[in-house]
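Here the working numbering is used: the first residue of the sequence shown is -13, the next is one more, and so on. Everything on this sheet refers to the single structure shown next.
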Amino acid sequence: MDFSNFHLFIGRFHPLFVHLPIGFIFFGIILEIVGKLKIFQPDHKSIELSYIVGAASAIISCLLGYLLAYDNNDYNYEAISFHQWFGIITTVLIIGMFFLKKYNIQKMYDFSLLVIVFTISITGHYGGNLTHGSTYLTQYAPLKLNDTEIVISPPNSANEVIMYEHIIQPILQQKCISCHNTEKKKGELSLSNKADILKGGKTKNLIVQGESNHSEIIQRILLPHGDENIMPPEGKTPLTDKEIELLIGWIDIGHGSFDTLITDIPLTEELMTYCNTKLGFISNHNSIALTDYDTSIVQDLRNKGFQIREIDKNAFDVSYPKLSNIDLISALLPIKDNIIWLDLKAQNIQRPDELQQFSELRKLNLSKNPIGDDGVNIFKMMKKLETINLHSTLISSHGIKELKDNSSIKTIYSWNTKL
Ligand code: HEC
């Protein structure tokens, strides 16, 4: 038998057990209220009894809570100390209420009823935050005041990729943030944002500029398998070799700077390809040779609401994020030879005939448009088109069959059509 974590085994009954004192205390209060409302007259002793049992179970809850939190740095210190102190105050209050009731000290007793409802709510609130995170209670509230979801805007071109923002932070988000965020700071460390990273954790050398071997973050990651301090801990998805190399490169060559562009860091070809693929840029630079474009036209289109990313030299990924009131396809004709990905989802397009002139197009999204079979035969001629998304259109098997005549098309999305 292994008793080394016995305190945790017992302690984990705390969240379950705390409902007992809450129940008994409220039962006493309810008896008190029905008595005051003259619904029926509970006797003194029953109310006292509910307070005695409430007090006893509150004391046990405190002890269990102590066992749970003792030696456990899973929790945010501030939240836990509030929870702990309000729990203790509630326990003392309930004991006090028993005596106030017993000796009929009416005014103070009435007042203590109000106070205890308040302290139980606060204790419960902080306790809930500890187990569910501080947004648990308000997550589904009908009206939310501030939504703190962080949206990292995608870079417009491969030359604008910021090492920290676009490469490093997503790695941390995926592999570390569940335990190191602003709410739950294991090892007193949050990796959520620049300020928290600069602050570091318990040990102060989280990132030593230019010296990854002295940086706690890298030391932790490189610990041998089975070491109890390895990050992420055993059982969680470890970092891949490439992710580790990128972190090291960022600290050693990029000096752990938060604004360095990826182009300023001489990454190996392999890592560069990896990053470009992750960000959706084309990495094989020899495959596309497109003509130059007029930057003022592109700027003009951006002003009109088009999102245009240069994913390779002279090669654009274009989308229009909201429903347009202009003829999108005609508007794009001046740069038709530079568009390789085009997303015209849900734009009320019936006849995309002009798309035929977009001879460089590889990926096309026309989902949720009222396009029928007569609208698709034009794609038979587009010799570079590889992927076409026609989900939720009016296309039938007849139209799909025609598309299949074009041997360059490898993927057709046709979910929710007339097939
Ligand atoms: C499952 C939860 C969990 C995940 C995921 C996790 N950590 Fe940790 N981390 C901890 C705990 C618990 C501690 C504190 C105990 C310790 O120091 O080992 C800690 C401590 C640390 C520390 C030491 C902080 C200090 O200053 O003492 C660093 C650095 C660290 N983690 C980095 C990371 C990185 C980087 C990742 C992602 C690759 C990561 N952690 C993922 C749980 C986690």
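All C-beta atoms in this analysis are idealised placements derived from N, C-alpha and C, irrespective of residue type, glycine included. Everything numeric in this text was worked out from a predicted model, so none of it was measured.
Curious, which full-length beta strand (DSSP E) runs of at least 3 residues does the segment 292 to 319 contain?
293 to 298, 301 to 305
Run of the beta strand (DSSP E) containing Asp329, from where it starts to where it stops:
325 to 329
Judging by CA-CA distance, which residue of Ser400, Val304, Leu276, Ile91 is the nearest neighbour of Leu287?
Val304
Taking 6 Å as the limit between beta carbons, can you name the residues of its chain near Leu175, skipping five residues before and five after?
His166, Gly187
Would you say His377 touches the ligand HEC, meaning its beta carbon is less than 7 Å from a heavy atom?
no
Leu350, enclosing beta strand (DSSP E) - first and last residue:
349 to 351
Limits of the alpha helix (DSSP H) - the one that Tyr37 falls within
30 to 55
Is Phe(-11) buried or exposed, if buried means 16 or more other CB atoms sit within 10 Å of its CB?
exposed
Kindly identify the DSSP beta-bridge partner or partners of Leu247.
Ile148
Do Leu79 and His0 have their beta-carbon atoms positioned less than 8 Å apart in this structure?
no
Have a look at Leu192 and Lys87 and give me their C-alpha separation to the nearest angstrom.
56 Å
What three-state label does DSSP hand Lys396 in the structure shown?
coil
Output the boundary residues of the beta strand (DSSP E) element that contains Ile374.
373 to 375
Using beta-carbon positions only, say whether Phe84 and Ile38 come within less than 8 Å of one another.
yes
Element boundaries [alpha helix (DSSP H), containing Phe3]
0 to 3
Indicate the three-state DSSP secondary structure (helix, strand or coil) for Asn132 in the structure shown.
Any answer about Asn132 is weak, because its pLDDT of 38 lies below 50 and its placement is not dependable; what the coordinates show is given next. Coil.
Cut-off 7 Å between Cβ atoms - residues of its own chain near Tyr279, not counting five sequence neighbours on either side:
Asn300, Ile321, Asn324
DSSP three-state label for His(-7), please.
helix
Proximity of His377 and Ser394 at Cβ, strictly below 8 Å
no
Considering only heavy atoms of the ligand HEC and the C-beta of each residue, which residues fall inside 7 Å, strictly closer?
Asn59, Asp60, Leu158, Lys161, Cys162, Ser164, Cys165, His166, Lys172, Gly173, Glu174, Leu175, Leu177, Gly186, Gly187, Lys188, Thr189, Leu192, Glu202, Ile203, Arg206, Ile207, Asn215, Met217, Pro218, Pro219, Lys222, Leu225
Quick check on Ser143: does DSSP put it in helix, strand or coil?
strand
Enumerate in chain order the residues of its own chain whose CB-to-CB distance from Lys290 is below 8 Å, with the five nearest sequence positions on each side excluded.
Ile312, Ala317
Measure the Cβ-Cβ separation of Val362 and Leu389 and say whether it is below 8 Å.
yes
What are the uninterrupted segments assigned as alpha helix (DSSP H) that are 4 or more residues long and contained completely in the segment 187 to 259, given in chain order?
202 to 208, 227 to 238
Cβ pair count under 8 Å reaching 3, the segment 202 to 213 against the segment 228 to 238:
yes
Under 8 Å, with one C-beta from each stretch per pair, do the segment 157 to 171 and the segment 215 to 223 reach the 3-pair mark?
yes
Quick check: what's the CA-CA separation for Lys148 versus Phe244?
Note that residue 148 is Ile in the sequence shown, not Lys. When rounded, the distance between both Cα atoms is 8 Å.
Compare the Cα-Cα distances from Asn262 to each of Thr281, Pro252, Gly242, Ile297 and report the closest residue.
Ile297
Mind checking Gln92: buried by the 16 CB within 10 Å criterion, or exposed?
exposed
Segment contact flag, the segment 7 to 17 with the segment 31 to 47, C-beta cutoff 8 Å, min 3 pairs
yes
Cα separation between Asp29 and Ile108?
30 Å
Report yes if the CB atom of Leu407 is closer than 8 Å to the CB atom of Gln333, and no otherwise.
Look at the range of the chain in this structure, -13 to 405, and you will see that residue 407 is not part of it.
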